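Trainee: Numbering (the numbering used here), first residue to last: 3 to 172. Quick one: structure below, then a few questions.
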Amino acid sequence: MQTNPGLSPQPLRKIASGGELSRIMLALKGVIAQGDRVSVLVFDEIDANVGGRLGAVIGQKLRQLAAHHQVLCITHLPQIACYADQHLTVRKQIVDDQTRTSVRQVEGDERLEELAEMIGGERITETTRAQARELLSTATTSAPVDSAAAPRAVASARRARPRSSRTPRS
Numbered sequence: 003m004q005t006n007p008g009l010s011p012q013p014l015r016k017i018a019s020g021g022e023l024s025r026i027m028l029a030l031k032g033v034i035a036q037g038d039r040v041s042v043l044v045f046d047e048i049d050a051n052v053g054g055r056l057g058a059v060i061g062q063k064l065r066q067l068a069a070h071h072q073v074l075c076i077t078h079l080p081q082i083a084c085y086a087d088q089h090l091t092v093r094k095q096i097v098d099d100q101t102r103t104s105v106r107q108v109e110g111d112e113r114l115e116e117l118a119e120m121i122g123g124e125r126i127t128e129t130t131r132a133q134a135r136e137l138l139s140t141a142t143t144s145a146p147v148d149s150a151a152a153p154r155a156v157a158s159a160r161r162a163r164p165r166s167s168r169t170p171r172s
């Protein structure tokens, strides 16, 4: 692949950063999905090595793909998660020295709190809540999806750090 004029073509693994590989994978899956009519697309941590600005672009592209496919995206970036029609959270807890994993859907205020936690870590403040509100507002106004054409939902999940049930959540 030749990434810039004047440079010789190189193997992708030598010239692409993690973020570039994420974008290339998103583009390839999008093109392949058009031809194959795949019903479900899974993106596992497509946000690896990606910052917030690019995360928002990836979120918009995923939402566009969701117009014709069901998209399941596992992400750590609130800039991607805010574009989901359905937001799932994955939690791990240690109970009686056993790791337990739970998955549940978050909506409304609970979703806002989840996005605020994704922004600020376990320290949720009015500032992180305001940022989460702004992300949700931007996501709902900037990337409309024709729900009549394709009623499939975008699902977004976040893998949480393991938490001990003995440690209270603040």
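Where a beta carbon is used, it is the ideal one built from N, C-alpha and C, also for glycine. All values derive from a computational prediction rather than experimental measurement.
Just grab the DSSP bridge partners of Lys-94 for me.
Mentor: In DSSP, Lys-94 forms a bridge with Thr-103.
Trainee: DSSP three-state call for Pro-13: helix, strand or coil?
Mentor: In this structure, Pro-13 counts as coil in the three-state DSSP scheme.
Trainee: So, for Ser-10: in the same chain, excluding its five sequence neighbours on each side, which residues have a beta-carbon less than 6 Å away from its beta-carbon?
Mentor: Hits under 6 Å: none found.
Trainee: Between which two residues does the beta strand (DSSP E) carrying Ile-76 extend?
Mentor: Ile-76 -> beta strand (DSSP E) spans 72 to 76.
Trainee: So what does DSSP say about Leu-137, is it helix, strand or coil?
Mentor: It is helical.
Trainee: Would you call Leu-30 buried or exposed, if buried means 16 or more other Cβ atoms sit within 10 Å of its Cβ?
Mentor: With fewer than 16 Cβ atoms within 10 Å of its Cβ, Leu-30 is classed as exposed.
Trainee: Apart from the five residues on each side of it in sequence, which residues of its chain come closer than 7 Å, Cβ to Cβ, to Ala-134?
Mentor: Excluding positions up to five away in sequence, the list reads Pro-80, Leu-114, Leu-117, Ala-118, Ile-121.
Trainee: Between Leu-43 and Val-92, which are expected to be in contact by the criterion C-beta below 8 Å, what is the C-beta distance as a whole number of angstroms?
Mentor: Wrong, their Cβ atoms sit about 19 Å apart, outside the cutoff.
Trainee: So, helix, strand or coil for Gly-8, using DSSP?
Mentor: Coil.
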